[in-house]
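As structure tokens, the structure follows; a few thoughts come after it.
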Amino acid sequence: MQRSFNRTLLSLMDAWAGPVVMQLMEAAKPFVRWLTDLCVQLSEVERQIHEIVRAYEWAHHDMVPLAQIYNNRAERQILIDNNALGQFTAQIADLDQEYDDFWDEDGEVMRDYRLRVSDALSKLTPWKAPPPIAHSTVLVAPVSPSTASSRTDT
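Each residue of the sequence shown is one higher than the last, beginning at 1 in the UniProt record's numbering.
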């Protein structure tokens, strides 16, 4: 991106002449540096997004399947409904233990997912604001709000 921007500026130098071109070049330098730094940061953002996606895919794969949880709860309910004499109490307890194990397993998966996402996000740094363009060279004078509104009223 920096090379492309520099080529554009150099082509302007070929087309224009005089001190205005030099002012433009000087005014653009901080912006080109900022764009270059931003591109580096965006590359890091891309890497961390891929890490977050991998963490999600891993967590999604390792969670207890919903069908397995549903079957556990459905089987438990059937046993409860037919447990008038207490003959299914041990199986109900086993299903409850299996269900608790599902919670534990999913909790560990989500904890690991949170840690991986937090790690990826911690590697990101805030973006710097772009530098003002052409303000110090007075190529572009700031327009006050009252001036801007009076121009649109005419």
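From the three backbone atoms N, C-alpha and C, an ideal C-beta is built for every residue, glycine too. Remember, predicted model here, so these are calculated numbers, not experimental data.
Where does residue i fall in DSSP's three states?
i, result
"Gln23", "helix"
"Leu85", "coil"
"residue 160", "Since the first residue of the chain shown is 1 and the last is 154, residue 160 is not available in this structure."
"residue 241", "The displayed coordinates of the chain run from 1 to 154. Any statement about residue 241 would go beyond what the structure contains."
"Met13", "helix"
"Ala129", "coil"
"Pro65", "coil"
Exposed or buried, residue i, counting other C-beta atoms within 10 Å across all chains shown (16 or more means buried)?
i, result
"Ala74", "exposed"
"Ala27", "buried"
"Ala141", "For Ala141, the predicted structure reports a pLDDT of 45, less than 50, and the residue's modelled location is therefore unreliable. A value from the coordinates is still provided. Ala141 should be labelled exposed."
So which of the options has the shortest CA-CA distance to residue i?
i, options, result
"Asn6", "Gly18, Pro30 and Tyr56", "Pro30"
"Asp94", "Val109, Glu108 and Gln77", "Gln77"
"Val45", "Asp119, Asn71 and Val20", "Asp119"
"Leu112", "Ser4, Pro130 and Arg54", "This sequence places Asp at residue 112; Leu is not what is there. It is Arg54 whose Cα lies nearest to the Cα of Asp112."
"Asp101", "Val64, Leu35 and Gln41", "Val64"
"Asp104", "Gln48, Ile69 and Leu10", "Ile69"
"His50", "Gly107, Val21 and Leu124", "Leu124"
"Met13", "Met25, Arg3 and Ser4", "Met25"
"Val48", "Val117, Asp37 and Trp127", "Looking at the sequence shown, residue 48 is not Val but Gln. With distances taken between Cα atoms, Gln48 lies closest to Val117."
Are the C-beta atoms of residue i and some chain C residue less than 8 Å apart?
i, result
"Leu79", "Absent from the structure: chain C. Only one protein chain is present."
Whose C-beta lies closer than 6 Å to the C-beta of residue i among residues of the same chain, with five residues either side of it excluded?
i, result
"Val109", "Ala59, Asp62 and Met63"
"Trp34", "Pro130 and Pro131"
"Gln91", "Leu79"
Could you pull out every residue in the same chain whose Cβ sits closer than 8 Å to the Cβ of residue i, ignoring the five residues on either side in sequence?
i, result
"Ala84", "none"
Apart from the five residues just before and just after residue i, which ones in its own chain have a Cβ nearer than 7 Å to its Cβ?
i, result
"Glu98", "Asn72"
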